[in-house]
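Worksheet: the structure to be examined is printed underneath.
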Amino acid sequence: MAAHVDAKLVDSALKTLRNVERKHRKTAAKKLLVDDDASTEVVYLQFTLKKIPYNKETKRIRLELPHSLLSDTSEVCLITGDLEPKNKRAESEPTVDHFRELLTAAGVSRNIEVLPLRQLRTEYTAYEAKRQLCAGYDAFLADRTIYPVLPRLLGKVFFVKNKLPRRVDLKSKRLKHDIERALCVEELLLRGEGTASSVKVCHLGMSNKEATENVAAALATLECSLPGGWPNLLSVHLKTARSPALALHMSFGSRNEVHLPKAPEDPGTLEGDLSTVPGARVAVKRSGEVALRPATKAVRRSLRGQKGEEEPEELQHDSSLGHLLREQAAQRKEDTRRYRSKARTRRLLVHSALRHKGGRKRGTTQ
4 MAAHVDAKLV
14 DSALKTLRNV
24 ERKHRKTAAK
34 KLLVDDDAST
44 EVVYLQFTLK
54 KIPYNKETKR
64 IRLELPHSLL
74 SDTSEVCLIT
84 GDLEPKNKRA
94 ESEPTVDHFR
104 ELLTAAGVSR
114 NIEVLPLRQL
124 RTEYTAYEAK
134 RQLCAGYDAF
144 LADRTIYPVL
154 PRLLGKVFFV
164 KNKLPRRVDL
174 KSKRLKHDIE
184 RALCVEELLL
194 RGEGTASSVK
204 VCHLGMSNKE
214 ATENVAAALA
224 TLECSLPGGW
234 PNLLSVHLKT
244 ARSPALALHM
254 SFGSRNEVHL
264 PKAPEDPGTL
274 EGDLSTVPGA
284 RVAVKRSGEV
294 ALRPATKAVR
304 RSLRGQKGEE
314 EPEELQHDSS
324 LGHLLREQAA
334 QRKEDTRRYR
344 SKARTRRLLV
354 HSALRHKGGR
364 KRGTTQ
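Residue 4 is where the sequence shown starts when you use my numbering, and the numbers rise one by one after that.
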């Protein structure tokens, strides 16, 4: 357990969450709204930061928990490669049978469904199909050899639900151990858009000892991996989806004591030589806009060489470069004209709607 949080406080919070869930189920039973077993209710570790991190992209923090949140009956999907990747007409059944035999030989007893990569590409292209696939399993595993292509194939819904596959090495000699360790990993997505975040750490079906060990492991990882470390944590709570948040830690230190890593410098505009247009340079902005620019005077002097020498071939194409630059300027001018025209049209529509609305109000008052 992190030195800042008492293990007895975590144990007391878990008992309170169980009592709250028990009372909720009694109330739901009277209204005939009983849902799944209360022991599967997930417990979240909710925390608030003093300072928002500078990361512009989502930072993924791996929490390696001692005990998995999945039960023996949880449904797991394993995404694998194809036995015949170059044969587009190959069937998926031989691949499924091969990897099922591999799991059985490794002693894996979990309910794991095998999904070949070819089947994923052919049957789950539509958004609705991907959404159903995401909702159909409790967790996803993937062979590390095909993992780089999966984010593009699975789509946004897996990012939103935080169900991206956990990578495993299917050629490992300790395959069963590696699968169990992968299923014990939870990922915290730190987007840098706010101060509050949460991550699953245990469920009410665990014993207090197992749940406390999971919370301790999560807190230890946060202390090491969070931008700013433990001093950047304003508060830490435990809660379920239907319970109030129970405080484990509150900090009253100043946010000025928190030192975040420096924000990465803005690369600005990148420039380089353009081999297809002699005597020109290309500039790429952060927005993705690409623009042509004439070569600098130093480059032109180096191309021209000593006085009296014949002008090199690179500088004989200045007319074509000038033509391209004039076309680029004309295109920018046309884009600006279209933008201003659309903005003027929008303003006229808004003024017309406001005048019409004002006329209707005057008519009703009369």
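Don't be surprised by glycine CBs; every beta carbon is placed ideally from N, CA and C.
Inter-residue Cα distance where the pair is residue i and residue j
i    : j    : result
Q334 : L352 : 27 Å
K133 : V160 : 7 Å
T98  : L153 : 18 Å
Q309 : E330 : Because Q309 carries a pLDDT of 44, less than 50, the predicted location of this residue cannot be relied on, and no value is offered for it.
A2   : A145 : Absent from the model: residue 2. The displayed extent of the chain is 4 to 369, so no value can be given.
D75  : A286 : 56 Å
S210 : A220 : 16 Å
V375 : T128 : Any answer about residue 375 is impossible in this case: the structure gives the chain only from 4 up to 369.
Y130 : P119 : 19 Å
S355 : Q122 : 55 Å
N194 : F50  : The displayed chain sequence assigns Arg, not Asn, to residue 194. Roughly 14 Å separates the two Cα atoms.
F143 : K212 : 27 Å
S246 : E87  : 50 Å
P168 : E116 : 13 Å
K29  : A248 : 21 Å
E78  : R184 : 16 Å
L222 : E96  : 44 Å
Y342 : S71  : 55 Å
D181 : R349 : 59 Å
Buried or exposed by the 16-neighbour rule on C-beta atoms within 10 Å, applied to residue i
i    : result
Y57  : exposed
F162 : exposed
T43  : exposed
T61  : exposed
K91  : exposed
R340 : exposed
L357 : exposed
S200 : buried
Same chain, Cβ closer than 6 Å to residue i, five either side skipped, listed in chain order
i    : result
C205 : V46, A214 and N217
Beta-carbon contacts of residue i that lie in its chain and below 8 Å, excluding the five residues immediately before and after
i    : result
E260 : P234
L263 : K54, P56, Y57, P230, G231 and N235
K179 : A109, G110 and V111
E126 : A132
K336 : none
Residue i beta carbon near the ligand HEM (any heavy atom closer than 8 Å)
i    : result
R358 : No copy of the ligand HEM occurs in the structure displayed, which carries no ligand at all.
With a threshold of 8 Å, are at least 3 pairs of Cβ atoms found where one atom belongs to the stretch 143-154 and the other to the stretch 82-100?
yes
Stretch-stretch touch, CB-based, cutoff 8 Å, three pairs: the stretch 223-242 with the stretch 94-114:
no
Are the stretch 187-198 and the stretch 18-33 touching by the rule of at least three beta carbon pairs closer than 8 Å?
no
Note down, one range per segment and in chain order, each alpha helix (DSSP H) of at least 4 residues found wholly within the stretch 188-272.
211-228
Runs of alpha helix (DSSP H) wholly within the stretch 65-134 (minimum 4 residues, chain order):
96-108 and 120-126
So within the stretch 145-182, which uninterrupted alpha helix (DSSP H) runs reach at least 4 residues, ignoring any that extend past its ends?
153-157 and 159-163
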